[in-house]
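Residue numbers (the numbering used here), protein chains in the order written: chain W, 2 to 300; chain E, 57 to 486. C-beta atoms are modelled at their ideal positions from N, C-alpha and C, and glycine is treated no differently. See below for the structure under consideration.
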Amino acid sequence: MKNLNRYGYFFIAPFWLVFLVFSIYPVALTFYYSFTNYTGSGEAQLVGLANYKRLLTDTYFVEAFFNTWKIWGVNFALQMGLALILAMIFSDMRVKLKGIAFFRAIFYLPNLITISSVALLFGILLDWQHGSLNMMLMKLGIISDPINWLNEPTSAQLSISLILTWMWFGHSFIVVMAGVSGISKDYYEAALIDGANRWQTFSKITIPLLKPILLYIMITSLIGGLQLFDLPMLLTDGIGSPDGSLNTMVLYLYNQAFKYNNYGYAAAVAYGLFVITLIFSAFIFKGMYGKERKQPRQV
Amino acid sequence: MFLVAILLVGLFAGCSSDSKTSGNGKKDVDLRIWSFTDELKKPIKTFEEKNGVKVELTIVPIADYPTKLKPVLESGVGAPDVFTGEIAFLKQWVDAGYWENLSEKPYNADKLSDKYVPYVFDLGKDKDGNVRALSWQTTPGGIYYKRSIAKEVLGTDDPTQVGEMMSSMDKVFEVAEKMKAKGYSMFPDEGAIRWFTQGDNPQPWVNDKNELQLTEEKMEYMDYSKKLRDNQYTALAPEWSPSWFEGMDKPIKVKEGGKEKETQVFSYVLPTWGLHSVLKTNVKESVGDWAVTSGPSPYFWGGTWLGVYNKSDNKELAYKFVKMMTQDDEFLTSWSKETGDVLSYLPVTDSIKDDFSDKFLGGQNNYQFFLDQSTKITPGIVTKYDQQLDTLYGNAVQQYVTGKKSKKEAIKEFYQKAQNAYPDIKVPKK
């Protein structure tokens, strides 16, 4: 009988081996490096907590923290707003829109384009002298001089937020729709009979029942958002221009490690990022589920 | 247990078949070379035919090249016998000890010192003066300009005379003013003059005492850049942007101060390779209407070096390849004639430099010109910090040019960022 039980471990062994070699080992090694002054070659010397001390007083890291939040926050608000409005329209029993599969595919498409192509595309659209956006605005007489979108901190950050929204609202929409279709039609029918309007149906039935789905979207988006790197890297010069406004946490980490060869410090930045992600995930989790537990369930 | 064995074999199958082709001491390949362009393909073919060996070339795009090569060199697993290095990380690598010390026996590369363009040979040395890498080429720069515009505005298209008219920054601005008066743009954008930042006082970014040096000349460059922008001497086409390429062949539109105008770009600041891989590949209509001349100060841009991996078990053959690439009269002569690449190996250049002429440049002997330029370059001012500090400083200049920051603020921020990137260097506290 004992032998039988062992087979389970054998079956999960391949996964664990890969996981140990490619995930746990690098994570542990990074932790070790964060206490050293490793430069990418040669020996690593232990420097104690020096890297973490520097991290806490590093204005560029703080700047990166707020930049990341600003860019992610605007993007998330827009993306969720758009996804919910669309979900509301498509799930409305009174409207009964057709062609949902078609729209779903269209909305999701931007997500399938590789980031470098997206960056190239928007780089050309937003170009200062010859970009389509400026040309259009000038033809319409809205502006008289072209705006250098990617050279102004605010517009550069906003550009990234909007691009992210464009890329991800379709994904959120699909997940929300999946959640909506899981809600029993009875509630909506009852609401309809009771004379609830669209907004009431949406805010009193759909949203509360979607909570777990919304939580899921929020946490995955947050984790992805805090790791924002590729667009800021590709859209401007790769070190956070204009005026450090696109300097995100992972971009900062990358530059410290691979451009300036401060691998030890970059490892500390990575752990700083890990702690930040952990704290915020915990907050969201508590915020969404914490209250519910206090209220006894009514039967 | 059997099942597990199968699963594990499947798991590591990828790894093991990999190491068979790239591991050390296997029979199928005699020499492994890593580089970041396909430039070496032809030389490798010649080398294979000459020596009856098989060479495997691995090309890794430049953006990933250092990150991919480093772990391989550190561990020695699947490492190349010969690998190239680009100027951007050359200084780091000569000191990292991956390249065999060529100053020692049996290579004795020190003896070759007077056979090369001085700055090229010097760049291949580590901090103790040992030769670690050699190069076949030299990559000095100049200013490529359009002859027809020069004739119209400056009254001559002769490279020497035009070069004389641009021999200092003040003179460059005189030419720029003349260009503007006739509706031409001096440069595509203000970034073009960054190669002349050193002025007549070339200093390394970081000196022997580990101090960051921002010379007066480099600070003046900020003002020059701003002047180019403020006086509308450029076509506002940043390097490598679509309009930058377009401006080479035809007029481009510029929107400035509420007005739109069409302008032709007079000149591009590019090095040797700019002729073959940038201008020639993008210019169709104005072929033959170009010429190259010198700017306010000599400079070089880019370059590829190569050396032998110090843990290679086939060093003899590896050096044979390096030797062919850098010292073989016969090979280098044909290579140079075929590609137009300006060589750094003087015995060969001396014999071929006189009868070179390029149709694209209206028959000008650019070979002679670039060789003259390359000997004027001060050796010993390249540091491992250059690539990043140039970027950071360029960033500061941009802030000043676009009016986001005052000169003082921009310099202060540059100092802070430099210190942040390199905590070990001493930065002026201003």
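Item: As assigned by DSSP and simplified to three states, the class of serine 91/E; Value: strand
Item: From Pro111/W, Val63/W, Ile90/W, Met136/W, residue whose alpha carbon lies closest to that of leucine 163/W; Value: Pro111/W
Item: Serine 392/E beta carbon less than 7 Å from that of threonine 194/E; Value: no
Item: Below-7 Å beta-carbon distance, lysine 311/E vs any chain W residue; Value: yes
Item: Helix, strand or coil at valine 364/E [DSSP, three-state]; Value: strand
Item: Neighbourhood of threonine 349/E by C-beta, 8 Å cutoff - its chain only, sequence neighbours within 5 removed; Value: Gly198, Ile199, Tyr201, Pro215, Thr216, Val218, Gly219, Met222, Phe425
Item: Integer Cβ distance of proline 244/E from valine 321/E, believed to fall under 8 Å; Value: 5 Å
Item: For serine 78/E, the three-state DSSP class (helix, strand or coil); Value: Confidence in serine 78/E is poor, its pLDDT being 43 and thus under 50, which makes the residue's placement unreliable; the coordinate value appears in the next sentence. Note: serine 78/E maps to helix in three-state DSSP.
Item: Buried versus exposed, by CB contacts within 10 Å (16 or more), methionine 137/W; Value: exposed
Item: Any chain W beta carbon closer than 7 Å to asparagine 476/E; Value: yes
Item: Any C-beta of chain E under 7 Å from that of lysine 54/W; Value: no
Item: Separation of tyrosine 172/E from glutamine 288/E, as counted between CA atoms; Value: 42 Å
Item: Residues, ordered as in the chain, of the stretch 249 to 263 of chain W that lie near chain E by beta-carbon distance below 9 Å; Value: Asn256, Gln257, Phe259, Lys260, Tyr261, Asn262, Asn263
Item: C-beta contact flag for threonine 328/E and valine 398/E at 7 Å; Value: yes
Item: Identity of the residue in Ala283/W, Leu279/W, Ala269/W nearest alanine 29/W by Cα; Value: Ala269/W
Item: Chain-ordered residues of the stretch 282 to 295 of chain E with a beta carbon less than 9 Å from chain W; Value: Ala291, Leu292, Ala293, Pro294
Item: DSSP state of tryptophan 346/E mapped onto helix, strand, coil; Value: strand
Item: Nearest to threonine 123/E (by Cα), restricted to the options Trp149/E, Lys336/E, Asn476/E, Thr382/E; Value: Trp149/E
Item: Limits of the beta strand (DSSP E) - the one that lysine 202/E falls within; Value: 197 to 202
Item: Inside the stretch 42 to 101 of chain W only - alpha helix (DSSP H) runs reaching at least 4 residues; Value: 51 to 58, 60 to 92
Item: Classification of threonine 77/E by the beta-carbon crowding that lies within 10 angstroms, buried from 16 upward; Value: Caution is warranted here: a pLDDT of 42 is assigned to threonine 77/E, below 50, making its placement in the model unreliable, and the coordinate value is therefore given only provisionally. Under this definition threonine 77/E is an exposed residue.
Item: Min CB distance histidine 131/W to chain E below 7 Å; Value: yes
Item: Check whether methionine 242/E and tyrosine 456/E have beta carbons under 7 Å apart; Value: no
Item: Segment limits, alpha helix (DSSP H) that includes valine 176/E; Value: 174 to 179
Item: Coarse secondary structure for glutamine 420/E, derived from DSSP in three states; Value: strand
Item: Closer than 7 Å to chain E by CB, proline 147/W; Value: yes
Item: Touch test, the stretch 415 to 425 of chain E against the stretch 153 to 168 of chain E, Cβ-Cβ under 8 Å, three pairs minimum; Value: no
Item: Neighbour list for glutamine 455/E in chain W, Cβ cutoff strictly below 7 Å; Value: Asp244
Item: C-alpha distance - glycine 185/E paired with serine 169/E, whole-angstrom precision; Value: 12 Å
Item: Any chain W beta carbon closer than 7 Å to glycine 141/E; Value: no
Item: Residue-level contact to chain E via CB, serine 118/W, 7 Å cutoff; Value: no
Item: Own chain partners of glycine 396/E with C-beta closer than 6 Å, once the 5 adjacent residues on each side are dropped; Value: His332
Item: Classification of aspartate 128/W by the beta-carbon crowding that lies within 10 angstroms, buried from 16 upward; Value: buried
Item: Interface flag, serine 42/W vs chain E, CB-CB below 7 Å; Value: yes
Item: Within 7 Å, strictly: CB atoms of serine 430/E and proline 196/E; Value: yes
Item: Backbone secondary structure at glutamine 288/E - three-state DSSP; Value: coil
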